[in-house]
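Q: Supplied in C-alpha cells, the structure appears directly below.
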Amino acid sequence: MFRYYLLLGARSLRRNPALTALMVLTLAIGVAASVATLTILHVMSGNPIPHKSDRLLVPLLDVAPKRNYVPGLREPYSQQSTYPDTVNYLRSGPGVRRTAIYDIGGAVEPAKRDDPVIQLGGVATTSDYFAMFEVPFRYGSAWTPAHDERAARVAVLSPSKSEAIFGDVDPVGKTFRSWGETFTVVGVVGDWKPTPRYTNLTNGSGGYFNGEDQVFIPFKTAVSLELRSNGNTTCSRDSGVGYKGFLESDCVWIQAWFELASPADRPAAQAWLDHYAAEQRRGGRLERNAPNRLFNVTEWLEYMEVVRADNKIAVWLAFGFLALCIVNTMGLLLAKFSTRAAEVGVRRALGAGQGAIFRQFLTETAVVGIAGGVIGLLLAMVSLWLIRKQSQDLSVVAQMDWPMLAATFAIAVGAALVAGLLPTWRACQVSPALQLKSQ
Amino acid sequence: MEIRPILSTLLRSRTGPLLVALQVAISLAILANALFVVQQRIAVSQRPSGVVNERDVGYVFVRPLAQMSHVETLAQQQREREALKAVPGVLSVGWTSQMPMSRSGSSSSIRLSPEQARESATPAFYSVQPGFAATLGLRFVEGRDLNEADLLEYDPRTAGPDDGTPGVVVITLPLAKFLFPDATTYVGRNLWQGSEGRMKPMRIVGVVENLMSQGAGSLTGPYSVILPFRASLSFSRWAVRAEPGKLEQVLKDAEEAIRKAAPAPVRTFKRSVAEDRESRYRNERAMAWMLVSISALLLLVTLSGIVGMTMLRVAQRRKQIGVRRALGARWRDILRYFMVENFIITTGGIVAGLMLAVGLNRLLMAYTGMPRLPIEYMAYGAAALWVLGIAAVYGPASKAASISPAIATRTA
Numbered sequence: 001m002f003r004y005y006l007l008l009g010a011r012s013l014r015r016n017p018a019l020t021a022l023m024v025l026t027l028a029i030g031v032a033a034s035v036a037t038l039t040i041l042h043v044m045s046g047n048p049i050p051h052k053s054d055r056l057l058v059p060l061l062d063v064a065p066k067r068n069y070v071p072g073l074r075e076p077y078s079q080q081s082t083y084p085d086t087v088n089y090l091r092s093g094p095g096v097r098r099t100a101i102y103d104i105g106g107a108v109e110p111a112k113r114d115d116p117v118i119q120l121g122g123v124a125t126t127s128d129y130f131a132m133f134e135v136p137f138r139y140g141s142a143w144t145p146a147h148d149e150r151a152a153r154v155a156v157l158s159p160s161k162s163e164a165i166f167g168d169v170d171p172v173g174k175t176f177r178s179w180g181e182t183f184t185v186v187g188v189v190g191d192w193k194p195t196p197r198y199t200n201l202t203n204g205s206g207g208y209f210n211g212e213d214q215v216f217i218p219f220k221t222a223v224s225l226e227l228r229s230n231g232n233t234t235c236s237r238d239s240g241v242g243y244k245g246f247l248e249s250d251c252v253w254i255q256a257w258f259e260l261a262s263p264a265d266r267p268a269a270q271a272w273l274d275h276y277a278a279e280q281r282r283g284g285r286l287e288r289n290a291p292n293r294l295f296n297v298t299e300w301l302e303y304m305e306v307v308r309a310d311n312k313i314a315v316w317l318a319f320g321f322l323a324l325c326i327v328n329t330m331g332l333l334l335a336k337f338s339t340r341a342a343e344v345g346v347r348r349a350l351g352a353g354q355g356a357i358f359r360q361f362l363t364e365t366a367v368v369g370i371a372g373g374v375i376g377l378l379l380a381m382v383s384l385w386l387i388r389k390q391s392q393d394l395s396v397v398a399q400m401d402w403p404m405l406a407a408t409f410a411i412a413v414g415a416a417l418v419a420g421l422l423p424t425w426r427a428c429q430v431s432p433a434l435q436l437k438s439q
Numbered sequence: 001m002e003i004r005p006i007l008s009t010l011l012r013s014r015t016g017p018l019l020v021a022l023q024v025a026i027s028l029a030i031l032a033n034a035l036f037v038v039q040q041r042i043a044v045s046q047r048p049s050g051v052v053n054e055r056d057v058g059y060v061f062v063r064p065l066a067q068m069s070h071v072e073t074l075a076q077q078q079r080e081r082e083a084l085k086a087v088p089g090v091l092s093v094g095w096t097s098q099m100p101m102s103r104s105g106s107s108s109s110i111r112l113s114p115e116q117a118r119e120s121a122t123p124a125f126y127s128v129q130p131g132f133a134a135t136l137g138l139r140f141v142e143g144r145d146l147n148e149a150d151l152l153e154y155d156p157r158t159a160g161p162d163d164g165t166p167g168v169v170v171i172t173l174p175l176a177k178f179l180f181p182d183a184t185t186y187v188g189r190n191l192w193q194g195s196e197g198r199m200k201p202m203r204i205v206g207v208v209e210n211l212m213s214q215g216a217g218s219l220t221g222p223y224s225v226i227l228p229f230r231a232s233l234s235f236s237r238w239a240v241r242a243e244p245g246k247l248e249q250v251l252k253d254a255e256e257a258i259r260k261a262a263p264a265p266v267r268t269f270k271r272s273v274a275e276d277r278e279s280r281y282r283n284e285r286a287m288a289w290m291l292v293s294i295s296a297l298l299l300l301v302t303l304s305g306i307v308g309m310t311m312l313r314v315a316q317r318r319k320q321i322g323v324r325r326a327l328g329a330r331w332r333d334i335l336r337y338f339m340v341e342n343f344i345i346t347t348g349g350i351v352a353g354l355m356l357a358v359g360l361n362r363l364l365m366a367y368t369g370m371p372r373l374p375i376e377y378m379a380y381g382a383a384a385l386w387v388l389g390i391a392a393v394y395g396p397a398s399k400a401a402s403i404s405p406a407i408a409t410r411t412a
C-alpha cells in the first residue's frame with residue numbers, strides 16, 4: 001500500500017509542478033539555513049577527544065590579590081597557571097600523567113645570513129603531552145622523561161614545518177638552530193588537528209580553531225632559554241626583576257593538565273588540589289580563598305567560551321526562519337489538498353477509511369520533505385562553501401560531517417511532516433456524500 | 001468602508017488567514033532581531049581607529065633571532081629609524097609596541113587614586129617614541145604630544161617592578177570621558193599604575209580624539225593610553241605613513257631596508273592598517289552578511305505566502321466576485337475588498353509579531369547575551385512587512401477585480 005501511496009504522491013506532485021517546486025524550494029531554503037548555522041555550531045562545540053574528555057582535567061587557582069576580589073566575577077587572570085604552581089603540579093599532582101603547556105614563538109636560523117627565515121610557532125611541554133592527547137607520530141616518537149629532566153635540546157615538529165626545514169624526508173636525528181641553540185629532531189607528528197585546539201586555546205598562532213602547533217620542545221628547555229609565552233601572560237601584581245623574577249611571580253601564563261586513570265578519580269584530584277591550595281594559603285598565597293577548580297575538556301571549552309555568541313544567535317534566527325518556511329509550506333499544502341476534496345470523496349465512497357486517506361496524504365508530504373531535504377542539503381553545502389570563504393576560523397568549522405548529514409534529512413522530513421499534519425487532517429474531514437453530490 | 005462583511009468572511013474561513021498572519025508574525029520577530037544584530041555588527045566594524053587616511057598607514061615588525069643587549073638594541077632602533085626614513089615614499093615613521101586592531105599587544109589596569117581597591121579600567125598600553133602620533137595622524141583635542149624629554153629609558157632585563165611607569169601619558173578622549181564623566185578638561189589629572197602599596201602616578205599631558213586598542217573590543221575598543229618609552233624590547237614595530245597610494249610598495253621596501261640594516265638574521269613581517277581592520281572585523285561582517293541573506297529570503301518566503309493565499313481566496317470566490325460585480329460593484333471596490341482584508345490579516349500578524357519579537361529577544365538575551373531590542377527596530381520591521389503585504393496583495397487583488405460579471409451567470 002505504501003508503494004501505491006508513493007506513486008499517487010508522485011503523480012499528484014507532478015500534476016501541479018509550479019506549486020510543488022515552490023513547496024520544495026521553500027522547505028529547502030529553510031533547511032539549508034538551519035543546517036548551515038547548526039553545522040558551524042556543531043563543529044565549534046564538538047568534543048575533540050570524546051573517549052577521554054572526562055579524564056583530562058585543567059586545574060585553576062585564583063592567585064590574584066584579595067582587594068580586587070568580587071566573588072563570581074570572571075576575570076582574565078583566571079585562565080592559566082603560575083610557574084611555581086605548575087612545577088608543583090608536574091612533580092606531585094594527581095593522576096597517571098601530568099603536563100604543562102605554554103605557547104612559544106621563534107624562528108629557524110638560516111645557514112646563510114640572507115636565506116629566508118622560517119618562522120616557528122608551537123608549544124613548550126613535557127613528554128607526557130603526546131600520550132595524554134594521543135598525538136600520532138609520522139616519524140620517530142616523543143622525547144623521554146630523561147630529556148625533560150635535563151632540559152635537552154630536542155624537538156618534535158609538525159609535518160608542514162618538518163618539510164619546510166628538511167624537505168620531504170625523515171628528519172629524525174637531524175638538527176636545526178633556533179633560540180640560539182642547536183635542536184635535534186626526535187619526531188614528527190602525524191595527521192593531528194584537534195578542533196577546537198583544546199590543548200592550547202590561548203595561543204598566539206591562529207586562535208581556537210585555526211592554525212597549528214608547529215614545534216614542540218621540552219618545558220624545562222624553554223624555561224632554561226628564558227622563553228616567555230607567545231600566547232597570553234596576565235599579571236595581577238608586579239613581577240620581580242628579569243626572567244627569574246617573572247618565574248617566581250604570580251603571573252599566569254602556563255596551561256596545566258592532569259590525566260586521571262578513571263573519571264571516578266575526580267573527587268580525589270579535587271581533594272588534592274584543595275589540599276595543595278590550603279598549603280599554599282598557609283604560605284601567604286591565594287589570599288582570595290576562591291574556589292579551586294578543575295575542568296574536564298568539555299567544561300574547559302565552555303569556560304573558555306570557544307563557541308561565540310554570534311553563532312548561537314545565528315542558529316536561533318535560522319531555526320525561526322525554518323519555522324516560517326514550515327508555516328508557508330503548510331499554507332501551500334492546504335491550498336493543494338483543498339482542491340482535491342473531490343478525489344478524497346470518491347476514494348472514501350469506494351471504501352477507503354480516514355486512516356488510509358491520512359497515510360496517503362502524509363506520504364505525499366514526506367515525498368516533498370525528502371525532495372526538500374536533498375535540495376536543502378545541496379544549498380547548505382553551497383552556503384557552507386561561501387561561509388568558508390569568509391574567514392580562516394570559519395574555514396575550519398564550516399564542515400559538514402555524517403551526523404549533520406543525517407540531521408539534515410531528519411530536519412527536512414520532520415519539517416515537511418509538521419507542515420503536512422494540519423492539511424492532511426483537514427483532507428480527512430471531507431465528507432464523501434457532500435463531495436459526490438456536488439459533482 | 002465595508003469592514004463588517006470582510007471581518008465576518010475572515011472569521012468563517014480562518015485557517016488560511018491565520019497561517020498568513022502567523023508568517024507575518026514570525027517574519028517580523030526574526031527580521032527585527034536580525035536587523036538589530038546586523039546594525040550592531042556593522043557599526044562595530046566601521047568604528048574609526050583614530051588613524052587618519054588608514055590606507056596610507058602600515059607597519060613593519062622586526063625581531064632579531066639572537067638576543068641583543070640594551071645598548072645594542074637602542075642603537076639598532078636608531079639605525080632602523082634612519083633606514084626607514086631613507087625609503088622613498090615614506091612620509092613619517094614611529095616606534096610603537098602595538099598597533100590598533102592588530103590583536104597583539106598589552107593592556108594594563110589603571111586607577112584614579114592609589115587607595116582605590118578595584119581598577120577603573122584596563123586600557124591598551126601603547127609604548128611609543130615621538131613620531132608615533134604624527135605618523136598615525138592622531139588628532140589632539142587637548143594638551144600636547146609626547147616628546148623626547150618625556151621618554152623613560154627601560155631595560156626589561158634589569159627593570160624592577162616599579163621601574164615601568166613613565167611620569168606623563170596621553171590618553172584617548174573616550175577613555176577620558178569614561179574615567180572622568182563630569183570633567184570637561186583632562187590635562188593635569190593623574191592616573192595611577194602599579195602594585196599594591198607602590199602605586200605611581202602618570203600625569204595626563206594630552207588627549208587624542210581616538211586611538212583604537214589592539215583588541216578593538218566592542219565596548220572598550222577606544223580605551224587607550226600612550227606612554228613614552230625608550231625600551232629595549234625583543235622586537236621593534238615601526239608605524240609607517242606612506243605617500244598617498246604608495247603604501248604597498250613602501251612597506252615592501254621598508255621591510256627590505258630593515259633586513260639590510262640588521263647585523264644578524266631577523267624575523268620580519270609587514271601589514272597595513274586596512275589589513276588589520278579587515279581581519280579583526282571579519283567575523284562581524286560574516287555575521288552581518290549571513291543575517292542579511294536570511295532576512296532577504298525571509299521576506300521572499302513571506303511574500304510568496306501572502307501572494308499564494310490571496311490567489312487561493314480569489315480562486316475560491318470567483319463566483320461571489322462575479323455576483324458582486326453584476327450587482328454593481330466597481331473594479332476598485334473589489335480591489336479595495338482584498339486590500340482591506342489583507343491589511344487586517346497583516347496587521348494582526350504584525351501585532352502578534354511585535355510580541356513574538358520581544359519574546360525572541362528575551363530568549364536571545366538569556367542564552368546568548370544579546371542586548372535588549374530597541375523599539376525602533378520593531379517599528380522598521382513592522383513598516384517593512386506592511387509595505388510588503390500591500391505590494392504582495394496588489395497583483396492577485398487587481399486580477400480578482402477584473403473578473404467578469406458574466407461569471408455569475410455560469411454554474412460552478
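Residue numbers (our numbering), protein chains in the order written: chain A, 1 to 439; chain B, 1 to 412.
Just so it is clear, CB atoms sit at the ideal spot from N, CA and C, and this is done for glycine as well.
All of these numbers come straight from a predicted model, not from anything done at the bench.
State the start and end residues of the unbroken alpha helix (DSSP H) segment that holds I326 (chain A).
A: As a first step, residue 326 (chain A) must be located in the first sequence, where it is residue number 326. Element bounds for I326 (chain A): 309-338.
Q: Identify every residue that forms a DSSP beta bridge with A121 (chain B).
A: Counting from one through the second sequence, the residue named residue 121 (chain B) turns up at place 121. In DSSP, A121 (chain B) forms a bridge with B:I110.
Q: Decide if Q320 (chain B) is buried, meaning its Cβ has at least 16 other Cβ atoms within 10 Å, or exposed.
A: Reading the second sequence from its first residue, position 320 is the one you call residue 320 (chain B). Classification for Q320 (chain B): exposed.
Q: Can you tell me the Cα-Cα spacing of N210 (chain A) and K389 (chain A), whole angstroms?
A: On the first sequence, residue 210 (chain A) is found 210 positions in, with the first residue counted as 1. On the first sequence, residue 389 (chain A) is found 389 positions in, with the first residue counted as 1. Looking at the two C-alpha atoms, the distance is approximately 14 Å.
Q: Would you check if the distance between the CB atom of T365 (chain A) and the CB atom of G420 (chain A) is smaller than 8 Å?
A: For this step, residue 365 (chain A) is matched to residue 365 along the first sequence. For this step, residue 420 (chain A) is matched to residue 420 along the first sequence. Contact: yes.
Q: So for Y59 (chain B), helix, strand or coil by DSSP?
A: Taking the second sequence and counting its residues from 1, the one referred to as residue 59 (chain B) is at position 59. The answer is strand: DSSP assigns Y59 (chain B) an E or B state.
Q: To which residues does DSSP link A124 (chain A) through a beta bridge?
A: Taking the first residue of the first sequence as 1, we reach residue 124 (chain A) at position 124. Partner(s): A:Y102, A:I217.
Q: Cα separation between K336 (chain A) and M1 (chain A)?
A: Locating residue 336 (chain A) in the first sequence gives position 336, counting from the first residue. Locating residue 1 (chain A) in the first sequence gives position 1, counting from the first residue. Distance between the alpha carbons of K336 (chain A) and M1 (chain A): 22 Å.
Q: Do T346 (chain B) and L300 (chain B) count as a contact pair if the criterion is CB distance below 8 Å?
A: Indexing the second sequence from 1 puts residue 300 (chain B) at position 300. Indexing the second sequence from 1 puts residue 346 (chain B) at position 346. No. Outside cutoff.
Q: Do A100 (chain A) and I254 (chain A) have their beta-carbon atoms positioned less than 8 Å apart in this structure?
A: Against the first sequence, residue 254 (chain A) aligns to sequence position 254. Against the first sequence, residue 100 (chain A) aligns to sequence position 100. Yes, these two residues count as a Cβ contact at 8 Å.
Q: For a cutoff of 8 Å on Cβ pairs, would you count A314 (chain A) as touching chain B?
A: On the first sequence, position 314 is the one that residue 314 (chain A) refers to. At least one chain B Cβ lies under 8 Å of A314 (chain A).
Q: By the 10 Å Cβ neighbour count, where 16 or more other Cβ atoms means buried, how is H147 (chain A) classified, buried or exposed?
A: For the purposes of this step, residue 147 (chain A) is identified with residue 147 of the first sequence, where counting begins at 1. H147 (chain A) should be labelled buried.
Q: Among B:D276, B:E278, B:R277, B:A257, whose alpha-carbon lies nearest the alpha-carbon of T268 (chain B)?
A: Locating residue 268 (chain B) in the second sequence gives position 268, where the first residue counts as 1. Checking every option, the nearest Cα to that of T268 (chain B) belongs to B:A257.
Q: Please say whether A416 (chain A) and V368 (chain A) have beta carbons closer to each other than 8 Å?
A: Your numbering for residue 368 (chain A) matches position 368 in the first sequence. Your numbering for residue 416 (chain A) matches position 416 in the first sequence. Contact: yes.
Q: From what residue to what residue does the beta strand (DSSP E) around W331 (chain B) run?
A: As a first step, residue 331 (chain B) is located in the second sequence; it is residue number 331 there, counting from the start. Run containing W331 (chain B): none in the beta strand (DSSP E); it sits in the alpha helix (DSSP H), 331-368.
Q: Does the structure place the segment 282-295 of chain A close enough to the segment 375-388 of chain A that three or more beta carbon pairs sit under 8 Å?
A: no
Q: Could you tell me which chain B residues have their CB closer than 7 Å to the CB of L227 (chain A), listed as they occur along the chain?
A: Counting from one through the first sequence, the residue named residue 227 (chain A) turns up at place 227. Chain B residues near L227 (chain A): none, gap ~10 Å exceeds 7 Å.
Q: By the criterion of Cβ-Cβ separation under 7 Å, what are the contact partners of R282 (chain B) in chain A?
A: Position 282 of the second sequence holds residue 282 (chain B). The contacting residues are Q390, S391.
Q: In whole angstroms, what is the alpha-carbon distance linking G164 (chain B) and N53 (chain B)?
A: Taking the second sequence and counting its residues from 1, the one referred to as residue 164 (chain B) is at position 164. Taking the second sequence and counting its residues from 1, the one referred to as residue 53 (chain B) is at position 53. The straight-line gap from Cα to Cα measures roughly 33 Å.
Q: Check whether the segment 155-171 of chain A touches the segment 222-238 of chain A, taking contact to mean three or more Cβ pairs, one atom from each stretch, closer than 8 Å.
A: Counting Cβ pairs under 8 Å, fewer than three are found: no touch.
Q: Please report the distance separating the alpha-carbon of N342 (chain B) from that of V358 (chain B).
A: By 1-based counting over the second sequence, the position of residue 342 (chain B) is 342. By 1-based counting over the second sequence, the position of residue 358 (chain B) is 358. Their Cα atoms are separated by approximately 24 Å.
Q: Anyone know if the C-beta pair for F321 (chain A) and I294 (chain B) falls short of 8 Å?
A: The sequence position of residue 321 (chain A) within the first sequence is 321, counting from 1. The sequence position of residue 294 (chain B) within the second sequence is 294, counting from 1. Their beta carbons are under 8 Å apart, which means F321 (chain A) touches I294 (chain B) by this criterion.
Q: Do we get a CB-CB distance below 8 Å when we pair T172 (chain B) with the residues of chain A?
A: Within the second sequence, numbered from 1, the residue matching residue 172 (chain B) stands at position 172. With 8 Å as the cut-off, T172 (chain B) does not count as an interface residue toward chain A.
Q: Can you give me the C-alpha to C-alpha distance between F101 (chain B) and G305 (chain B), rounded to a whole angstrom?
A: If you number the second sequence from 1, residue 101 (chain B) lands on position 101. If you number the second sequence from 1, residue 305 (chain B) lands on position 305. According to the sequence provided, residue 101 (chain B) is Met. The question's Phe does not apply to it. Taken atom to atom, the span from the alpha-carbon of M101 (chain B) to that of G305 (chain B) is near 45 Å.
Q: Taking just the CA atoms, how far does R15 (chain A) sit from M400 (chain A)?
A: Locating residue 400 (chain A) in the first sequence gives position 400, where the first residue counts as 1. Locating residue 15 (chain A) in the first sequence gives position 15, where the first residue counts as 1. Near 35 Å, if we compare the C-alpha coordinates of R15 (chain A) and M400 (chain A).
Q: Just to confirm, does E149 (chain A) get its C-beta within under 7 Å of one of the non-hydrogen atoms of the ligand SAH?
A: This structure simply doesn't include the ligand SAH, nor any ligand for that matter.
Q: Please confirm whether A288 (chain B) and V38 (chain B) have their CB atoms less than 8 Å apart.
A: Sequence index remark: in the second sequence, residue 288 (chain B) carries index 288 (1-based). Sequence index remark: in the second sequence, residue 38 (chain B) carries index 38 (1-based). Contact: yes.
Q: My understanding is that R241 (chain B) touches V62 (chain B), with C-beta atoms under 8 Å, so please give their C-beta distance in whole angstroms.
A: Mapped onto the second sequence, residue 241 (chain B) falls at position 241. Mapped onto the second sequence, residue 62 (chain B) falls at position 62. Not quite, the Cβ-Cβ distance comes to about 18 Å (not below 8 Å), so this is no contact.
Q: Could you tell me whether any Cβ in chain B is nearer than 8 Å to the Cβ of M330 (chain A)?
A: Your numbering for residue 330 (chain A) matches position 330 in the first sequence. Taking 8 Å as the CB threshold, M330 (chain A) lines the interface with chain B.
Q: I'd like to know whether the C-beta of Q23 (chain B) is nearer than 8 Å to at least one C-beta of chain A.
A: Reading the second sequence from its first residue, position 23 is the one you call residue 23 (chain B). Yes, Q23 (chain B) counts as interfacial toward chain A.
Q: Just curious, the alpha helix (DSSP H) that A397 (chain B) is in, first and last residue?
A: Numbered from 1 along the second sequence, position 397 holds the residue referred to as residue 397 (chain B). Its alpha helix (DSSP H) spans residues 375-401.
Q: Determine the closest residue to R47 (chain B) out of B:L91, B:D150, B:M212, with distance taken between C-alpha atoms.
A: As a working mapping, residue 47 (chain B) is identified with position 47 in the second sequence. Nearest C-alpha to R47 (chain B): B:M212.
Q: Given this structure, state the Cα-to-Cα distance separating A262 (chain B) from P64 (chain B), to the nearest angstrom.
A: Looking up residue 262 (chain B) in the second sequence gives position 262. Looking up residue 64 (chain B) in the second sequence gives position 64. Answer to the nearest angstrom: the Cα atoms are 8 Å apart.
Q: Give me the chain A residues within the contact set of E196 (chain B), using Cβ-Cβ distance strictly less than 8 Å, ordered along the chain.
A: Translated into positions along the second sequence, residue 196 (chain B) becomes position 196. Result: P65, R67, R237.
Q: Kindly identify the DSSP beta-bridge partner or partners of W143 (chain A).
A: Looking up residue 143 (chain A) in the first sequence gives position 143. None, per the DSSP bridge assignment.
Q: Does the beta-carbon distance from R280 (chain B) to R103 (chain B) come in below 8 Å?
A: Numbered from its first residue, the second sequence carries residue 280 (chain B) at position 280. Numbered from its first residue, the second sequence carries residue 103 (chain B) at position 103. Taking 8 Å as the Cβ cut-off, R280 (chain B) and R103 (chain B) qualify as a contacting pair.
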